[in-house]
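Each residue of the sequence shown is one higher than the one before, counting from 1 in our numbering. To keep things clear, I will list the structure first and then write my remarks on it.
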Amino acid sequence: MRAVVCHELGPPSLLRIEERPDPEVRPGTVVIDVEAAGVNFVDALFVGGRYQIKPPLPFVPGNEVAGRVAAVGEGVDALSIGQRVLANCGLGGYAGKVAAPVASVFTLPDRLSAPQAATFTQSYSTSLFALRDRAQLAEGERVVVLGGGGGVGLAAIGVARALGARVLAVASSAPKRAAAAGAGAEEVLDPEVAPLKDAVRAWAGGTGADVVVDPVGGPLAEPALRALGDGGRYLVIGFAASIPSIPLNQVLLRNRNVLGIDWGIWAMQHAAEQRILLEDLLEMVEVGRIEPVAPTEYRLEEVGRALDDLMKRRAVGKLALIP
Ligand SMILES: NC(=O)c1ccc[n+]([C@@H]2O[C@H](COP(=O)([O-])OP(=O)(O)OC[C@H]3O[C@@H](n4cnc5c(N)ncnc54)[C@H](OP(=O)(O)O)[C@@H]3O)[C@@H](O)[C@H]2O)c1
Numbered sequence: 001m002r003a004v005v006c007h008e009l010g011p012p013s014l015l016r017i018e019e020r021p022d023p024e025v026r027p028g029t030v031v032i033d034v035e036a037a038g039v040n041f042v043d044a045l046f047v048g049g050r051y052q053i054k055p056p057l058p059f060v061p062g063n064e065v066a067g068r069v070a071a072v073g074e075g076v077d078a079l080s081i082g083q084r085v086l087a088n089c090g091l092g093g094y095a096g097k098v099a100a101p102v103a104s105v106f107t108l109p110d111r112l113s114a115p116q117a118a119t120f121t122q123s124y125s126t127s128l129f130a131l132r133d134r135a136q137l138a139e140g141e142r143v144v145v146l147g148g149g150g151g152v153g154l155a156a157i158g159v160a161r162a163l164g165a166r167v168l169a170v171a172s173s174a175p176k177r178a179a180a181a182g183a184g185a186e187e188v189l190d191p192e193v194a195p196l197k198d199a200v201r202a203w204a205g206g207t208g209a210d211v212v213v214d215p216v217g218g219p220l221a222e223p224a225l226r227a228l229g230d231g232g233r234y235l236v237i238g239f240a241a242s243i244p245s246i247p248l249n250q251v252l253l254r255n256r257n258v259l260g261i262d263w264g265i266w267a268m269q270h271a272a273e274q275r276i277l278l279e280d281l282l283e284m285v286e287v288g289r290i291e292p293v294a295p296t297e298y299r300l301e302e303v304g305r306a307l308d309d310l311m312k313r314r315a316v317g318k319l320a321l322i323p
C-alpha cells in the first residue's frame with residue numbers, strides 16, 4: 001500500500017510517499033481500505049514535533065479515516081468485510097489501509113460520504129462535548145463561534161443549531177463567512193470591520209452572548225470574553241492563533257465561567273462515554289439534525305499542501321486526503 005511517512009520532524013514538505021507492507025489483522029481489530037483520511041491541526045503538530053505525544057520515527061500520521069472493512073480479526077463479531085465504517089486509528093491513517101481496534105470503529109449512516117465521515121469525529125465530538133456536556137447549552141441561547149469557517153468552528157455551528165441555539169460566527173475571509181452562514185450561523189462577522197464586543201451586543205440585544213466557542217485564541221479572545229452576558233460560558237478549545245492572556249476581572253464581572261475543553265484526553269479516559277457521544281452524533285446525522293460540510297479533497301501526494309493550507313489559515317472547513 002502507499003502511505004505518507006514522517007522520517008524527520010519538521011515542516012510538512014519533509015513527508016514522503018512510500019510503499020509499505022499492508023497492516024496485519026490482529027485479534028480484536030479490523031483492517032480498513034481507506035477511502036478518505038481527515039487532515040487535522042493535530043496532525044501538523046505531530047509531524048512538526050510540537051504535540052505533547054511524540055511517536056517514534058518513522059511513523060504514518062493520520063488518526064481519522066473512513067472506508068470499507070477489508071479484513072476482520074479473531075473475536076470481531078459486530079463488523080463484516082465490505083461494511084462502510086469510520087475509525088479513529090490513533091496514527092497510520094494517511095495510507096491505503098490501516099488497522100484499528102474494533103472499539104474505535106463505527107458503522108456509517110448512508111447520508112455520510114467517506115470524506116465527510118473521515119473529517120467528522122474530532123470536530124463534532126469536541127463540539128458536542130463542549131456545548132452539550134460542558135456548557136449545558138439550552139435552546140434559544142446565543143452562541144458566538146470564533147474561527148467560524150474552520151473545522152471546529154463549522155462543527156460547533158452545526159451542533160449549536162441542532163441543540164436549538166442561535167449562532168453568530170466570526171471569520172476572517174468572505175469564503176469562510178459564507179461557509180459559516182451555510183452551516184447555520186444567522187449572523188457572520190468580519191472582526192476587521194466591526195468591533196467584536198459591540199457587534200455581539202447589538203446582535204444579542206444588549207445583554208451579551210451566553211456562550212463563546214473559541215478554537216482560535218489570539219487577540220479576539222479578550223473582546224469575545226467581554227461580549228459575554230451574565231453567567232456566560234467561555235469555552236477554551238484551542239489556540240490556532242496563539243495562547244492569549246486575559247485579565248481575570250473579566251471572569252469575575254457578570255459571574256462569567258471559563259471552561260477548559262480537552263476532548264482528546266477526556267475521550268481517552270472515558271472510552272465508553274465517547275462511544276455513546278459519537279453514536280449520538282451519528283444518530284443526529286441519520287435524522288438530518290446535522291449535515292457535515294463536505295471537506296476539500298487532496299490526493300495523498302498533496303499532503304504537504306493540505307497541511308500547509310491548514311496551518312497558513314487558507315483552508316475553509318475540513319480537509320481530507322484521498323489515497
Ligand atoms: N480542545 C480540544 O479537544 C480540541 C479538539 C479539536 C481541535 N482542537 C484545536 O482547535 C484548534 C482549531 O482547530 P480546527 O480544526 O478548527 O483548525 P482550522 O480548521 O485550521 O481552524 C482554525 C481557525 O483559526 C483561525 N486562525 C486565526 N489565526 C490563525 C493562525 N495563525 N493559524 C491558523 N488558524 C488561525 C482561522 O480562522 P480565521 O482565518 O477566520 O481567523 C482558522 O480557520 C487547533 O488548535 C486544534 O488543535 C482542540
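Idealized CB from N, CA, C, for every residue including glycine.
- According to DSSP, is Ile261 helix, strand or coil? Coil, per DSSP.
- Task: Could you check the C-alpha separation between Asp309 and Pro61 for me, to the nearest Å?
- Result: So the two alpha carbons sit approximately 17 Å from each other.
- With Tyr94 and Val303 assumed to form a contact (beta carbons below 8 Å), what rounded beta-carbon distance in angstroms separates them? Right, the Cβ-Cβ distance comes to about 6 Å (below 8 Å), so this counts as a contact.
- Message: Under 8 Å: do the region 44–59 and the region 5–14 share three or more Cβ pairs, one atom per stretch?
- Response: The region 44–59 is in contact with the region 5–14.
- Query: Does any heavy atom of ligand 1 sit closer than 7 Å to the C-beta of Arg313?
  - Reply: Correct: Arg313 has its Cβ closer than 7 Å to ligand 1.
- Message: Run through the DSSP bridge pairs and tell me what Tyr234 is partnered with.
- Response: Note: Tyr234 is bridge-paired with Val212, Val258 in the DSSP secondary-structure output.
- Which residue from Arg226, Gly217, Arg68 puts its Cα closest to that of Ser113? Distances from the CA of Ser113 to each of Arg226, Gly217, Arg68 were compared; the closest alpha carbon is that of Arg68.
- Heavy atom of ligand 1 less than 7 Å from the Cβ of Ser80, yes or no? No, Cβ of Ser80 sits at least 7 Å from all heavy atoms of ligand 1.
- Item | Identity of the residue in Gly82, Val98, Leu79 nearest Asn88 by Cα | Ranked by Cα distance from Asn88, the first of Gly82, Val98, Leu79 is Val98.
- Message: Is the separation between the beta-carbon of Leu189 and that of Val211 shorter than 8 Å?
- Response: With respect to Val211, Leu189 sits apart: the two C-beta atoms are not nearer than 8 Å.
- Message: Between which residues of its own chain and Arg382 is the CB-CB distance below 6 Å, once the five residues before and five after are set aside?
- Response: One cannot answer for residue 382 here, as it falls past the ends of the chain, which runs 1 to 323.
- Message: Excluding the 5 residues flanking Pro323 on each side, which residues of the same chain have their C-beta closer than 6 Å to its C-beta?
- Response: Taken in chain order, the residues that qualify are Val34, Gly96, Leu300.
- Task: Mind reading off the beta-carbon distance from Ala37 to Val65? Whole number of angstroms is fine, and I expect it under 8 Å.
- Result: Indeed they touch by this definition, with Cβ atoms about 5 Å apart.
- Name the one or two DSSP bridge partners that Phe106 has. Per DSSP, Leu86.
- Item | Spatial distance of Asn40 from Pro295 (CA atoms) | C-alpha separation (whole angstroms): 12 Å.
- Query: Leaving out five residues before and five after Val25 in sequence, what residues of the same chain have Cβ atoms less than 8 Å from its Cβ?
  - Reply: Within the same chain, Cβ atoms closer than 8 Å to the Cβ of Val25 are found at Val31, Ala71, Val72, Gly73, Ala99, the five residues on either side in sequence being excluded.
- Query: Ala180 and Gly149 look like a contact to me (Cβ under 8 Å); what is the Cβ gap, rounded to whole Å?
  - Reply: Right, their Cβ atoms sit about 5 Å apart.
- Return yes when at least one heavy atom of ligand 1 lies under 7 Å from the C-beta of Phe106, else no. Not so, every heavy atom of ligand 1 lies at least 7 Å from the Cβ.
- Classify Pro115 as buried or exposed, calling it buried when 16 or more other Cβ atoms lie within 10 Å of its own Cβ. Burial call: buried.
- Item | From Gly229, Met268, Gly264, residue whose alpha carbon lies closest to that of Leu252 | Ranked by Cα distance from Leu252, the first of Gly229, Met268, Gly264 is Gly229.
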